[in-house]
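J.: Protein sequences, first through last, are from chains A and B. Going by the working numbering, the first sequence wraps up at 531, each residue one higher than the last. Going by the working numbering, the second sequence wraps up at 603, each residue one higher than the last. Please read through the structure below; I'll follow up with questions.
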Amino acid sequence: MSYFIFRNQTIEPFFGNKDVAYSGYGDISIIPDVDNFIWFYQLPLSNFDKHLSEEISTYFDKLQIVLQQIPKNAQLVIFTLETLFHVQFVGYDFSIYSAINDFNSKVFDLASKDSRVKVVDFSEFTRHYTADELVNWRFYFISQTVLNPKLAKDFKAWWTHKQDELAYNRKKCLVLDLDNTLWGGILGEDGISGIKIGGDYPGNAFSCWQQSLLSLSRYGVILTVCSKNNEADVLEAWENNPFMVLRKQHFSSWRINWNDKVTNIKELAEELNIGLDSMVFVDDNPSERELIRQALPMVEVPEFSGKPYDLMPTFKDLVDKYFRIYTVTEDDKKKADQYRAYTQRRASQATFANMDEYIKSLEICVNIMPVNDFNRSRIAQLTQKTNQFNLTTRRYAEVDIHRMEKQGWFIFCANVSDRFGDDGITCTIFLKPESEYCISIYNLILSCRVLGKGIETVFLNTTLNWLRDNNIKHVKAEYIMTAKNSQVADFYDRAGFTFIKSENNGEKRLYEFNLDNELENKNYYNVNFNK
Amino acid sequence: MKKLINIMREVLEDETIDTSCSQDSSENWDSLHHLNLMLELEEEFNIEFEPEEIAEMKSFEKVKEVVERKVH
């Protein structure tokens, strides 16, 4: 199964590189042709000012744009937002927390109306860790991993399990034992009034458990009984024990006899006309559990501790694993269609009608400057670390860059910022003079932090205009294919360059461009060129 | 040393890793694999690297040097 993940930070250590592709940081401009999408955004760790809650509110706007574009039969798994680290300046200012809650409740709402959406409550994972464990600042500053990469193994185990849950068809039926399972003690020995239900411990634990099972049955789960007992005794207990919560009318069917449970369960499945694979068997007796596991492997048989105080965690596990509703039913489909129409209307009136407006609202600043002693190491790092938006993947050390400068190359980089923060130096271009009038672009790189905002075009156009001002007439460029840079395979085509030829079976594509006219940038980018 | 090579081969998913290898000579050794390698070494040897050390551990020789310094 291959996934595409929308993200706003480094999460590769958690989801790995097999069958997974990633968006740029905060980028929603590319939506590949797959059926499984994941939305994993978390708060930036180093921004605590009032813009943060505004930034959080854009997440949902972006999410809606994505939802409009993914196929009808696709699946989008959305992770909830959690507070990993936050510094609160004002004691009564909870705007960040309400922005988070707002996002999460909108997402839950989406899941109830759009059958493509499933929500994963990320706090199920994060609440097992302390604040110090969740964030590792050493790795954050080295690799921008907001979530501590030391938790990657735990996360993978949890996520694998979670995926199973999401993929599971919801089970339909619970098959319950009676003695020491639905109540404490043995009915045949302790009698109707001797069994433990209601009152003090352990009876209160069994009451609580029965009450919970009753609630579960209201969500459509079928309750049945399979017990070695005298049927008459049980019917009497259901009728006459005043503390009993689950009674005769709550069970769709039962097999209370001395036959083996394999035969009984098969009969129950036939009678209710459901598959064995939609049944979950709960019994306190380990040998009965083992028997069913061996004989009917399609029936789910969870562990059962036998300690009455463990009944509630057992109940939660049952719901989490087998009975949670993730997918809306046929009846809800119509609602989902109405909702889709509604979101489309909303989006056309909302803050961002389209990508253009969205980008405009970011107030992007691009500061372009030549290589110097302060940015040389960052430029080298960009060539070494960037894989996706890297036209030739030529990697350089600082000394290489020094040498190129001496040989008369022009090397520029750009610092990119917007109203949500500063992304630092995230673009670079290497220009090698070929003759008085001709220059070739040896490489062009954009960090994935700034993808999807049209910055590459602004950066290239501005640089080309500068060349034109300096009497350059003619530009050559090339694209060299690697395993990771296919998203820029047609970058020069899109930028208006003329394709000349390809070499090495298409792995290398050569382009040319004539600097006849000044190139224009969209007016909402604030571009500075510091020659 | 054998242990170090085995860890690196496994984490970097590259059987060609030997004592003379470096980030340039290993196709797989990108920034993600590098991070995974650092995490695995920290756990395996129960040590912690400084960011400066992580930046310089880009060859077998360097990895070995830093790990040995930390372990002893």
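Glycine residues also receive a C-beta, built at the ideal position from the N, C-alpha and C atoms.
Say whether chain A places a C-beta atom closer than 8 Å to the C-beta of B/Asp-561.
T.: As a position in the second sequence, residue 561 of chain B is number 30, starting the count at 1. Cβ-Cβ to chain A under 8 Å: yes for B/Asp-561.
J.: Measure the C-alpha to C-alpha separation of A/Leu-291 and A/Phe-155 and round it to an integer number of angstroms.
T.: Numbered from 1 along the first sequence, position 291 holds the residue referred to as residue 291 of chain A. Numbered from 1 along the first sequence, position 155 holds the residue referred to as residue 155 of chain A. The straight-line gap from Cα to Cα measures roughly 33 Å.
J.: Is the CB of A/Ile-142 under 8 Å away from at least one CB in chain B?
T.: In the first sequence, the residue the question calls residue 142 of chain A occupies position 142. A/Ile-142 counts as touching chain B.
J.: Using C-beta distances below 7 Å, list every residue in its chain close to A/Gly-194, excluding the 5 sequence neighbours before and after it, in chain order.
T.: Here residue 194 of chain A refers to the residue found at position 194 when the first sequence is read from its first residue. Within the same chain, A/Gly-194 has close Cβ partners Gly-185.
J.: Interface residues of chain A around B/Asn-567 at Cβ under 7 Å?
T.: Taking the first residue of the second sequence as 1, we reach residue 567 of chain B at position 36. The answer, in chain order, is Pro-13.
J.: Measuring straight from C-alpha to C-alpha, what distance separates B/Lys-589 and A/Gln-163?
T.: In the second sequence, residue 589 of chain B corresponds to position 58, counting from 1. In the first sequence, residue 163 of chain A corresponds to position 163, counting from 1. Rounded to whole angstroms, B/Lys-589 to A/Gln-163 spans 35 Å at the Cα level.
J.: Which runs of the alpha helix (DSSP H), 4 residues or longer, sit entirely within the stretch 356-440 of chain A?
T.: The DSSP assignment places 376-385, 398-406 as complete runs of the alpha helix (DSSP H) inside the stretch 356-440 of chain A, in order along the chain (cut-off: 4 residues).
J.: Run through chain B and tell me which residues come within less than 9 Å of A/Asn-504, C-beta to C-beta.
T.: Within the first sequence, numbered from 1, the residue matching residue 504 of chain A stands at position 504. Per Cβ cutoff of 9 Å: no residues; A/Asn-504 is ~17 Å from chain B at best.
J.: When we look at the beta-carbon of A/Asp-337 and count the other beta-carbons within 10 Å, is it buried (16 or more) or exposed?
T.: Sequence index remark: in the first sequence, residue 337 of chain A carries index 337 (1-based). Annotation note: pLDDT 43 at A/Asp-337 (below 50); position unreliable, no value reported.
J.: Residues bridged to A/Asp-179 by DSSP?
T.: Position 179 of the first sequence, counting from 1, holds the residue named residue 179 of chain A. A/Asp-179 is bridged to A/Trp-183.
J.: Report yes if the C-beta distance between A/Ser-447 and A/Thr-463 is below 8 Å; otherwise report no.
T.: Reading the first sequence from its first residue, position 447 is the one you call residue 447 of chain A. Reading the first sequence from its first residue, position 463 is the one you call residue 463 of chain A. Contact: no.
J.: So that I know if they touch, is there some Cβ in chain B lying closer than 8 Å to that of A/Lys-18?
T.: Counted from its first residue, the first sequence places residue 18 of chain A at position 18. So no, A/Lys-18 is outside the interface.
J.: For A/Leu-272 and A/Phe-125, I'd like the C-alpha separation in whole angstroms.
T.: Mapped onto the first sequence, residue 272 of chain A falls at position 272. Mapped onto the first sequence, residue 125 of chain A falls at position 125. In a straight line, the C-alpha of A/Leu-272 is about 37 Å away from that of A/Phe-125.
J.: Which first and last residues belong to the alpha helix (DSSP H) in which B/Lys-595 is found?
T.: For this step, residue 595 of chain B is matched to residue 64 along the second sequence. Residues 591-602.
J.: For A/Leu-444, does the three-state DSSP call read helix, strand or coil?
T.: As a position in the first sequence, residue 444 of chain A is number 444, starting the count at 1. Three-state DSSP puts A/Leu-444 in a strand.
J.: Taking a cut of 8 Å between CB atoms, which residues from the stretch 148-171 of chain A lie near chain B?
T.: Within the stretch 148-171 of chain A, the qualifying residues are Pro-149, Lys-150, Ala-152.
J.: How would you label A/Thr-329, buried or exposed, when you count the other beta carbons within 10 angstroms and need 16 or more for buried?
T.: The residue you call residue 329 of chain A lines up with position 329 of the first sequence. Caution is warranted here: a pLDDT of 46 is assigned to A/Thr-329, below 50, making its placement in the model unreliable, and the coordinate value is therefore given only provisionally. That one is exposed.
J.: Since A/Met-244 and A/Leu-276 should fall inside the 8 Å C-beta cutoff, what is the C-beta to C-beta distance between them, to a whole number of angstroms?
T.: Position 244 of the first sequence holds residue 244 of chain A. Position 276 of the first sequence holds residue 276 of chain A. A Cβ-Cβ distance of about 29 Å is found for the pair A/Met-244 and A/Leu-276, leaving them out of contact under the 8 Å criterion.
J.: Secondary structure at A/Tyr-309, three-state DSSP: helix, strand or coil?
T.: The residue labelled residue 309 of chain A in the question sits at position 309 within the first sequence. Helix, per DSSP.
J.: Give me the Cα-Cα distance between A/Ile-38 and A/Asn-101, rounded to the nearest whole angstrom.
T.: Residue mapping note: residue 38 of chain A aligns to position 38 of the first sequence, counting from 1. Residue mapping note: residue 101 of chain A aligns to position 101 of the first sequence, counting from 1. Going from the Cα of A/Ile-38 to the Cα of A/Asn-101 covers about 20 Å.
J.: Since I believe B/Ser-557 is in contact with B/Leu-543 (beta carbons under 8 Å), could you give me their beta-carbon distance rounded to a whole number of angstroms?
T.: Here residue 543 of chain B is taken as the residue at index 12 of the second sequence, counted from 1. Here residue 557 of chain B is taken as the residue at index 26 of the second sequence, counted from 1. That belief holds up - the Cβ atoms of B/Leu-543 and B/Ser-557 are roughly 6 Å apart, short of 8 Å.
J.: Are any of the Cβ atoms in chain A nearer than 8 Å to that of B/Ile-585?
T.: Position 54 of the second sequence, counting from 1, holds the residue named residue 585 of chain B. Yes, B/Ile-585 lies at the interface with chain A (some Cβ there is under 8 Å from its Cβ).
J.: So, does the CB of A/Arg-494 fall closer than 8 Å to a CB anywhere in chain B?
T.: The residue you call residue 494 of chain A lines up with position 494 of the first sequence. For A/Arg-494, the nearest beta carbon of chain B is not closer than 8 Å to its own beta carbon.
J.: Mind checking the stretch 120-145 of chain A against chain B and listing, in chain order, the residues whose C-beta falls within less than 8 Å of any C-beta there?
T.: Arg-138, Phe-139, Phe-141, Ile-142, Ser-143, Thr-145
J.: Among the candidates A/Leu-52, A/Tyr-524, A/Lys-62, whose CA atom is the shortest distance from the CA of A/Ile-28?
T.: Numbered from 1 along the first sequence, position 28 holds the residue referred to as residue 28 of chain A. When only C-alpha atoms are compared, the closest one is A/Lys-62.
J.: Nearest chain A C-beta to B/Leu-570 closer than 8 Å, yes or no?
T.: Working through the second sequence from its first residue, we reach residue 570 of chain B at position 39. By this cut-off, B/Leu-570 is an interface position.
J.: For A/Val-175, does the count of other Cβ atoms within 10 angstroms reach 16, so buried, or fall short, so exposed?
T.: Residue numbering aside, residue 175 of chain A sits at position 175 when the first sequence is read from its first letter. With a 10 Å radius around the Cβ and a threshold of 16 neighbouring Cβ atoms, A/Val-175 comes out buried.
J.: Would you mind giving the Cβ-Cβ distance between A/Phe-412 and A/Pro-370, rounded to the nearest angstrom? I have them listed as a contact below 8 Å.
T.: Along the first sequence, one-based indexing puts residue 412 of chain A at 412. Along the first sequence, one-based indexing puts residue 370 of chain A at 370. 6 Å between Cβ atoms; contact.
J.: Please name the residue in A/Ser-207, A/Phe-206, A/His-250, A/Leu-235 whose C-alpha comes closest to that of A/Gly-220.
T.: Taking the first residue of the first sequence as 1, we reach residue 220 of chain A at position 220. Ranking the options by Cα distance to A/Gly-220, first place goes to A/His-250.
J.: Have a look at the DSSP bridge pairing and note the partners of A/Asn-526.
T.: For the purposes of this step, residue 526 of chain A is identified with residue 526 of the first sequence, where counting begins at 1. A/Asn-526 pairs with A/Cys-365.
J.: When burial is assigned at 16 or more other CB atoms within 10 Å of the CB, is A/Asp-132 buried or exposed?
T.: For the purposes of this step, residue 132 of chain A is taken as the residue at position 132 of the first sequence. It is exposed - the Cβ of A/Asp-132 has fewer than 16 other Cβ atoms within 10 Å.
J.: Where does A/Gln-75 fall in DSSP's three states?
T.: Along the first sequence, read from residue 1 onward, the residue named residue 75 of chain A stands at position 75. In this structure, A/Gln-75 counts as strand in the three-state DSSP scheme.
J.: Between the Cα of A/Thr-383 and the Cα atoms of A/Asn-530, A/Tyr-442, A/Trp-466, A/Asn-354, which residue gives the shortest distance?
T.: Along the first sequence, one-based indexing puts residue 383 of chain A at 383. Considering only alpha carbons, the answer is A/Tyr-442.
J.: Kindly list the residues whose CB is nearer than 6 Å to the CB of A/Gly-198, restricted to its own chain and excluding five residues on each side of it in sequence; keep chain order.
T.: In the first sequence, the residue the question calls residue 198 of chain A occupies position 198. Correct list, in chain order: Ser-207, Phe-243.
J.: So if DSSP puts A/Ala-579 in a beta bridge, which residue, or which two residues, is it bridged to?
T.: Since the first and last residues shown for chain A are 1 and 531, residue 579 of chain A lies out of range.
J.: Taking buried to mean at least 16 other C-beta atoms within 10 Å of its own C-beta, is B/Trp-560 buried or exposed?
T.: Numbered from 1 along the second sequence, position 29 holds the residue referred to as residue 560 of chain B. Under the 10 Å beta carbon count, B/Trp-560 is surrounded by 16 or more other beta carbons and is classified as buried.
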